[in-house]
Amino acid sequence: MGVSVMMNPAIQSQRCPAFHLPRLPSSGCFKVSMASTLHSPSKVAVKKPFSPPREIPFQVKHSMPEEKIEMFKSLEPWAERNILPLLKPVESCWQPQDFLPNPASEGFDDQVEELRQRAKELPDDYFVVLVGDMITEEALPTYQTMINTLDGVRDETGASTTPWGIWTRAWTAEENRHGDLLNKYLYLSGRVDMRQIEKTIQYLIGTGMNPKTENNPYLGFIFTSFQERATFISHGNTARHAKEHGNLKLAQLCGMIASDEKRHETAYTKIVEKLFEVDPDGTIQALADMMQKKISMPAHLMYDGRNENLFDHFSAVAQRLQVYTAKDYADILEFLVGRWKVADLTTGLTGEGRKAQDYVCGLATRIRRIQERAEGRAKEAGTARISWIFDKEVKL
Numbered sequence: 106m107g108v109s110v111m112m113n114p115a116i117q118s119q120r121c122p123a124f125h126l127p128r129l130p131s132s133g134c135f136k137v138s139m140a141s142t143l144h145s146p147s148k149v150a151v152k153k154p155f156s157p158p159r160e161i162p163f164q165v166k167h168s169m170p171e172e173k174i175e176m177f178k179s180l181e182p183w184a185e186r187n188i189l190p191l192l193k194p195v196e197s198c199w200q201p202q203d204f205l206p207n208p209a210s211e212g213f214d215d216q217v218e219e220l221r222q223r224a225k226e227l228p229d230d231y232f233v234v235l236v237g238d239m240i241t242e243e244a245l246p247t248y249q250t251m252i253n254t255l256d257g258v259r260d261e262t263g264a265s266t267t268p269w270g271i272w273t274r275a276w277t278a279e280e281n282r283h284g285d286l287l288n289k290y291l292y293l294s295g296r297v298d299m300r301q302i303e304k305t306i307q308y309l310i311g312t313g314m315n316p317k318t319e320n321n322p323y324l325g326f327i328f329t330s331f332q333e334r335a336t337f338i339s340h341g342n343t344a345r346h347a348k349e350h351g352n353l354k355l356a357q358l359c360g361m362i363a364s365d366e367k368r369h370e371t372a373y374t375k376i377v378e379k380l381f382e383v384d385p386d387g388t389i390q391a392l393a394d395m396m397q398k399k400i401s402m403p404a405h406l407m408y409d410g411r412n413e414n415l416f417d418h419f420s421a422v423a424q425r426l427q428v429y430t431a432k433d434y435a436d437i438l439e440f441l442v443g444r445w446k447v448a449d450l451t452t453g454l455t456g457e458g459r460k461a462q463d464y465v466c467g468l469a470t471r472i473r474r475i476q477e478r479a480e481g482r483a484k485e486a487g488t489a490r491i492s493w494i495f496d497k498e499v500k501l
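Add 105 to a position in the sequence shown, counting from 1, and you land on the number used in our numbering.
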């Protein structure tokens, strides 16, 4: 879904990857615009056998110099020692069934009824956010595809024995449990329109995503570092809300997903930390490039067949409920800049690298300042009908 999250030109160059830049109050300097990727009604389009509802007209490809590919191959022994141990053996992993009614149990009907009664106590806007998070997780095929576009680290065969290939497949397998768990919970809850949700998932996977990572693993691993921390925060906050409403089972399952995201964040941030060690200039310029383009949610192209502003509405509800906010976006940037000791880089930087360092180190403060001004000018939020909850109206 063609959502491009626009920032004030003072801190913008275009757009970026990972989770998403949350929507700020209306009248603010942050703006979500979808016009650029919608089919234009004024043009006569050539009929195609199939075409996604959102199309990305221009995409940069293979921006990393070819000689850097060898550097990533040389890092394979390091990745085997430092990244693969962050995966959990399958037999040690939780599975969705650990948190759901047991269909083989004689008490299955009673367990489902208890789940449904607990779900009745949750407000509609909470389900908008929980569904949006689930749909984001269910678009996992797109994310594995994206990582396998990255030069030097892709799984070349589908069963590659390189550490990069092993990591990508096993990471995907761990992430796959998240969407499975949330999907089954929502199905059993009876609170949501599963057909509309399933349509949204199909549209989203068919459309893909536009992280602007350019087949470049520098950009790709910065993207995933930001995105994993953002999803850790989002799932952690849905767990907190569920607990506040007395739904401890739901809080537990959201918390388990958040803990996976945190471990995956550790892996991707370790990779970028290593890139800063071996190529500080290239890595700081890549970080500045991603932040200028801005990090957007992987599901930013979501569409349900009706609502062309669905992502905007989901983001607005998440912002209002404090599940994922503009403040979180700035906090994640500040966290990563500290984690990678960006301000402490003193050697190995070109003039362009030092400019990138200055830009990145000052960006979180500038984002917060813009957010504060936007909140001061904010208008009363509107409402929207969301198909996932049977077209009920929620406040944005």
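Beta carbons: idealized from backbone N, C-alpha and C, even for Gly. Just so you know, these numbers come straight off a predicted model, no measurement behind them.
For residue j and residue i, the rounded distance between their alpha carbons
i, j, result
"Phe177", "Pro170", "12 Å"
"Phe135", "Glu211", "With a pLDDT of only 37 at Phe135, under the threshold of 50, the placement of this residue in the model should not be trusted; the figure read from the coordinates follows. One C-alpha to the other measures close to 53 Å."
"Trp183", "Glu196", "25 Å"
"Val165", "Lys354", "44 Å"
"Glu218", "Leu293", "9 Å"
"Thr388", "Ile161", "26 Å"
"Glu498", "Thr241", "22 Å"
"Tyr464", "Gln301", "42 Å"
"Phe155", "Gln249", "23 Å"
"Glu175", "Phe440", "30 Å"
"Ala140", "Arg411", "Note on Ala140: pLDDT 33, under 50, position unreliable in the model; no value is reported."
"Lys348", "Ile437", "24 Å"
"Met314", "Met395", "15 Å"
"Gln332", "Leu220", "30 Å"
"Asp203", "Asn288", "14 Å"
"Ala391", "Ile327", "8 Å"
"Lys173", "Gly351", "52 Å"
"Cys466", "Lys399", "15 Å"
"Ser265", "Thr273", "10 Å"
Residue i classed as buried or exposed, judged by whether at least 16 other C-beta atoms fall within 10 angstroms
i, result
"Ser492", "buried"
"Gly456", "exposed"
"Ser401", "buried"
"Leu501", "buried"
"Gly263", "exposed"
"Asp256", "buried"
"Pro157", "buried"
"Ala209", "exposed"
"Lys317", "buried"
"Ser147", "Low per-residue confidence applies at Ser147: pLDDT is 48, beneath 50, and the placement is therefore not dependable, though the value from the model is reported in the following sentence. Ser147 is exposed by the Cβ-count criterion."
"Lys427", "Checking the sequence shown, residue 427 turns out to be Gln, not Lys. Gln427 should be labelled exposed."
"Lys153", "exposed"
"Gln200", "exposed"
"Ala448", "exposed"
Contacting residues, own chain, Cβ-Cβ under 8 Å from residue i (five flanking each side not counted)
i, result
"Ser168", "Glu319, Asn320, Asn321, Leu324"
"Glu279", "Leu192, Lys193, Cys198, Asp365, His369"
"Tyr213", "Reading off the sequence, residue 213 comes out as Phe, not Tyr. Contacts found: Pro206, Asn207."
"Gly360", "His340, Gly341, Ala344"
"Ile494", "Asp229, Phe232, Val233, Val236, Arg296, Val297, Asp298"
Same chain, Cβ closer than 6 Å to residue i, five either side skipped, listed in chain order
i, result
"Arg296", "Ala224, Phe232"
"Gly237", "Phe419"
"Glu185", "Pro268"
"Asp496", "Arg490"
"Val258", "Phe177, Trp269, Pro322"
"Arg334", "Glu370, Ile437"
"Gln472", "Here residue 472 turns out to be Ile, not Gln, going by the sequence shown. Excluding residues within five positions, the ones whose Cβ falls inside 6 Å are Ala435."
"Ala469", "Ala435, Leu438, Glu439"
Contact with chain D by residue i, beta-carbon distance below 8 Å
i, result
"Arg368", "Judged by its chain identifiers, the structure shown contains no chain D, having just a single protein chain."
Where the alpha helix (DSSP H) through residue i begins and ends
i, result
"Lys398", "385-398"
"Arg223", "213-224"
"Ser179", "172-179"
"Ser492", "It is not in any alpha helix (DSSP H) - Ser492 carries neither H nor E in the DSSP assignment."
"Ser420", "415-425"
Endpoints, beta strand (DSSP E) assigned at residue i
i, result
"Lys500", "497-500"
Cβ-based neighbour list, residue i, same chain, cut-off 7 Å, excluding 5 preceding and 5 following
i, result
"Leu450", "Pro385, Ile389, Gln462"
"Gly284", "Met239, Glu242, Glu243, Leu245"
"Ala275", "Leu192"
"Lys367", "Phe337"
"Trp445", "Val377, Glu378, Phe381"
"Val422", "Asp230, Val233, Val234, Val499, Leu501"
"Ile271", "Leu189"
"Leu358", "Phe204, Leu286, Tyr290"
"Glu226", "His350, Gly351, Asn352"
"Thr277", "Leu245, Gln249"
For the region 243-302, list the alpha helix (DSSP H) runs that are entirely contained and at least 4 residues long, ordered along the chain.
-> 245-252, 268-294
Mind listing, in chain order, the continuous alpha helix (DSSP H) runs of no fewer than 4 residues lying wholly within the region 444-487?
-> 456-481
Please list the segments of the beta strand (DSSP E) lying wholly inside the region 307-371, counting only runs of 3 or more residues, in order along the chain.
-> none
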